[in-house]
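There are 2 protein chains.
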Amino acid sequence: MYKVKVYITLRESVLDPQGNAVKQALHSMEFNEVKDVRIGKYMELTLPSTVKDVKTSVEDMCNRLLANPVIEDYRYEIEESVGQ
Amino acid sequence: MYKVKVYITLRESVLDPQGNAVKQALHSMEFNEVKDVRIGKYMELTLPSTVKDVKTSVEDMCNRLLANPVIEDYRYEIEESVGQ
Numbered sequence: 002m003y004k005v006k007v008y009i010t011l012r013e014s015v016l017d018p019q020g021n022a023v024k025q026a027l028h029s030m031e032f033n034e035v036k037d038v039r040i041g042k043y044m045e046l047t048l049p050s051t052v053k054d055v056k057t058s059v060e061d062m063c064n065r066l067l068a069n070p071v072i073e074d075y076r077y078e079i080e081e082s083v084g085q
Numbered sequence: 002m003y004k005v006k007v008y009i010t011l012r013e014s015v016l017d018p019q020g021n022a023v024k025q026a027l028h029s030m031e032f033n034e035v036k037d038v039r040i041g042k043y044m045e046l047t048l049p050s051t052v053k054d055v056k057t058s059v060e061d062m063c064n065r066l067l068a069n070p071v072i073e074d075y076r077y078e079i080e081e082s083v084g085q
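Going down the list, the sequences are from chains F and D.
This note's numbering puts the first sequence at residues 2 to 85.
This note's numbering puts the second sequence at residues 2 to 85.
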């Protein structure tokens with residue numbers, strides 16, 4: 002089995018209103034020291050070990066569905082686990 | 002500056018309808034090999050290097066606002082970057 006961890010983040014130049022809202026909430030809860038919050042997505046995909054080219058497959062999924070390449074960046078880690 | 006990367010995931014026993022929807026979408030796009038998708042959140046917090054106990058501070062934020070400890074798990078990585 003492959004376990005693929007995908008991290009999707011907004012590009013640096015893109016504003017993050019959700020992150021700002023969380024930052025404000027933290028400030029109102031005594032965590033004034035927080036300078037910045039950026040929010041992204043984290044996904045774990047499970048693929049069988051029979052898949053030949055996991056890397057290409059994952060990049061294809063990211064580009065076509067999981068991430069919006071116009072405003073988001075993605076990175077991923079592929080872990081091979083025992084079994085299957 | 003500290004850059005804290007926070008990963009929030011649903012506990013294993015909790016159903017993930019959003020992940021299932023993404024899995025279905027991937028299946029309908031020729032990626033039939035995907036066995037499972039779990040969706041979580043990823044956050045990057047920036048804290049100044051003047052903060053004394055980053056670890057406690059981050060755990061406190063996670064428990065009180067960022068994650069819902071009843072249904073979610075979290076883990077984090079603290080990176081220290083150059084410059085204030």
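Beta carbons: idealized from backbone N, C-alpha and C, even for Gly.
Under a Cβ-count criterion, where at least 16 other Cβ atoms within 10 Å of its own Cβ denotes burial, should F:R39 be classed as buried or exposed? Looking at its Cβ environment, which holds 16 or more other Cβ atoms inside 10 Å, F:R39 is buried.
So what does F:V5 bridge to, in DSSP terms? Bridge partners of F:V5: F:L46 and F:I79.
Using only the alpha-carbon positions, how far apart do D:K53 and D:M2 sit? Roughly 12 Å between the two C-alpha positions.
Nearest residue (CA-CA) to D:D37, options F:Y75, F:K4 and F:K56: Comparing Cα-Cα distances from D:D37 to each of F:Y75, F:K4 and F:K56, the minimum goes to F:K4.
Is the segment 63 to 82 of chain D in contact with the segment 76 to 85 of chain F, if contact means three or more CB pairs nearer than 8 Å? Counting C-beta pairs with one atom in each stretch, the segment 63 to 82 of chain D and the segment 76 to 85 of chain F have fewer than three that are closer than 8 Å, which means they do not touch.
For D:V35 and F:L11, what's the separation of their Cα atoms in angstroms? In this structure, the alpha-carbon of D:V35 lies about 25 Å from that of F:L11.
Please compile the residues from chain D whose C-beta is within a distance smaller than 7 Å of the C-beta of F:Y8. Within chain D, Y43 have C-beta atoms less than 7 Å from the C-beta of F:Y8, given in sequence order.
Report the three-state DSSP secondary structure of F:V35 (helix, strand or coil). Residue state, collapsed to three classes: coil.
In chain F, what lies closer than 7 Å to D:E13 by C-beta? For D:E13, none of the residues of chain F pass the 7 Å Cβ criterion, the least Cβ distance being about 11 Å.
DSSP on F:T10, reduced to helix/strand/coil? Strand.
Starting from the Cα of D:D61, find the closest Cα among D:T51, D:Y75 and D:S50 and give me that residue. Per the C-alpha coordinates, the member of D:T51, D:Y75 and D:S50 positioned closest to D:D61 is D:Y75.
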